[in-house]
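A short worksheet on the structure shown next.
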Amino acid sequence: MLLIPCPWCGPRDEAEFHYGGQAHVPYPADPAALSDQAWARYLFFRDNPKGPFAERWSHADGCRRWFNVVRDTATNEIRSVYRTGEQRPVSS
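Residues in the sequence shown are numbered from 37 upward in steps of one, following my numbering.
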């Protein structure tokens, strides 16, 4: 099991969190103008790297806030945690 450090509540068991997908995926400026193919690409296509990957997580059973985690997908090691709206740390 993972121990995820919430930026507001501190380290908690992963059972308290919900995964929210890839971080830093901007919402389209004009979604109504997108073709079906472009909308499908926005909704369903995400990066799938082996190594460090920025993800969104929600502390569902705690403060209920969203934040970002850089997790190594090969080792499951959490490299950094930062609040939504902040830049991804350079070292991650």
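Virtual Cβ for every residue (Gly too), placed ideally from N, Cα, C.
query, result
"Look at residue 130 and residue 52 and say whether their C-beta atoms are less than 9 Å apart.", "Missing from the structure shown is residue 130; the chain here goes from 37 to 128 and no further."
"Under 8 Å by Cβ, that's how I've got residue 105 and residue 114 pegged, so tell me the actual separation to the nearest angstrom.", "6 Å"
"From 43, 69, 85, pick the residue whose C-alpha is nearest to that of residue 111; which is it?", "85"
"If I follow the unbroken beta strand (DSSP E) through residue 49, where does it start and stop?", "46-49"
"Go ahead and pull the three-state DSSP assignment for residue 38.", "coil"
"From this set, 87, 102, 80, which residue's C-alpha is nearest residue 45's C-alpha?", "102"
"Beta-carbon separation of residue 88 and residue 120 under 9 Å?", "no"
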